[in-house]
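Residue numbers (our numbering): 680 to 874.
Backbone N, C-alpha and C define an ideal beta-carbon position, used for all residues, glycine too.
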């Protein structure tokens, strides 16, 4: 088969795939409510790790002098991501239609609630960091092979899994649907640890 012959088959391939999609409604999410974006949630997890453990992940060479600037950059980027994803999760919970549902008053309610939730989540991060300080110490104390707490933060999958679980739990406490599950299942898929 030549490349041109392959190209000639593409309309038939597309038609067959479209029929397959329509034949199995459980496997598609068309013309329905908004869903959060898993890739953006994963990006948020990576940014949150930089807030939880500055200097270990993301930017290197952080100092006390440049730390406020880096934290500011992260918080700005996180605000955009988390607001949008929380908003999508809230719209999903309310079963608000996708683009065709514009004008629905519930949009504004979800938007306001998303802003409130993200602000409350940011307020809880210092407490999460306090718990993680104990978790990191416990991981170090519990492993005679560990040379430092740096090693437990930087290398241990359990510390990653616990970190994500603690962050996800805060969203759960704030009654955000889907987002906590996406976060914890992402950590589970990477570490094999199901908390």
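If you draw a straight line from the alpha carbon of residue 868 to that of residue 785, how long is it in whole angstroms? 34 Å
Neighbourhood of residue 747 by C-beta distance below 7 Å, restricted to the same chain and skipping five residues each side: none
Nearest-angstrom Cα distance between residue 771 and residue 705? 16 Å
Distance, Cα to Cα, residue 814 vs residue 723? 21 Å
Nearest neighbour of residue 855, chosen from 821, 817, 796 [CA to CA]: 796
Buried versus exposed, by CB contacts within 10 Å (16 or more), residue 767: buried
With 16 other Cβ atoms within 10 Å as the buried cut-off, status of residue 838: buried
Environment of residue 863 [buried if 16+ CB atoms lie within 10 Å]: buried
Cα-Cα separation between residue 833 and residue 740, rounded to whole angstroms: 16 Å
Starting from residue 787, follow the alpha helix (DSSP H) in both directions and report where the run begins and ends. 784 to 820
Would you call the CB atoms of residue 719 and residue 760 closer than 9 Å? yes
Check residue 747 in the structure and name its three-state DSSP category. helix
Just curious, the alpha helix (DSSP H) that residue 837 is in, first and last residue? 836 to 852
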